[in-house]
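Data block below; observations after.
Pasting the structure below:
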C-alpha cells in the first residue's frame with residue numbers, strides 16, 4: 002500500500018509540472034501564427050484520436066461503426082445539430098447491424 006502513495010505523489014508532481022511549465026518558461030504571449038494555430042487544434046485532435054478507435058469497436062460489426070462515422074460526419078459538415086447527427090449515426094448502426102444479422106454475416 003505504501004507504493005500506492007508514492008505513485009500518487011509522482012503522478013501529482015508530474016501533472017502539476019506539466020500545467021505550470023508554460024507559465025514558468027514563457028514570459029510573453031506566443032507571436033508565431035503557426036504555433037498558435039497548432040495549439041488551437043491540439044484539443045480537437047486529441048479528442049478525435051481518443052474517440053476514433055471506440056467508434057469502430059463499439060458495434061458488433063466495425064463496418065457499422067465506420068458507416069455511422071461517415072454519415073455523422075456528413076450530417077455535421079452540412080450544419081445539422083447534435084441531435085440530428087447522433088440520431089442519424091445511431092440509425093445507421095441499427096440498419097447495418099440488423100441487415101448484417103438478417104444476412105447471417
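Residue numbers (the working numbering): 2 to 106.
Quick reminder that beta carbons are idealized off the backbone N, C-alpha and C, glycines included.
Query raised in the report: The alpha helix (DSSP H) with residue 62 in it runs from where to where?
Result: For residue 62, there is no enclosing alpha helix (DSSP H), as DSSP marks it with neither H nor E.
Query raised in the report: Do you know offhand how far residue 65's Cα is from residue 50's?
Result: Spanning the two alpha carbons is a distance of roughly 19 Å.
**Report entry** Residue from 33, 62 and 72 with nearest C-alpha to residue 86
**Finding:** Comparing Cα-Cα distances from residue 86 to each of 33, 62 and 72, the minimum goes to 72.
Query raised in the report: In whole angstroms, what separates the C-alpha of residue 94 from that of residue 6?
Result: If you take the alpha carbons of residue 94 and residue 6, they lie about 44 Å apart.
Query raised in the report: Helix, strand or coil: which one does DSSP assign to residue 33?
Result: In this structure, DSSP gives residue 33 a state outside helix and strand, which the three-state scheme calls coil.
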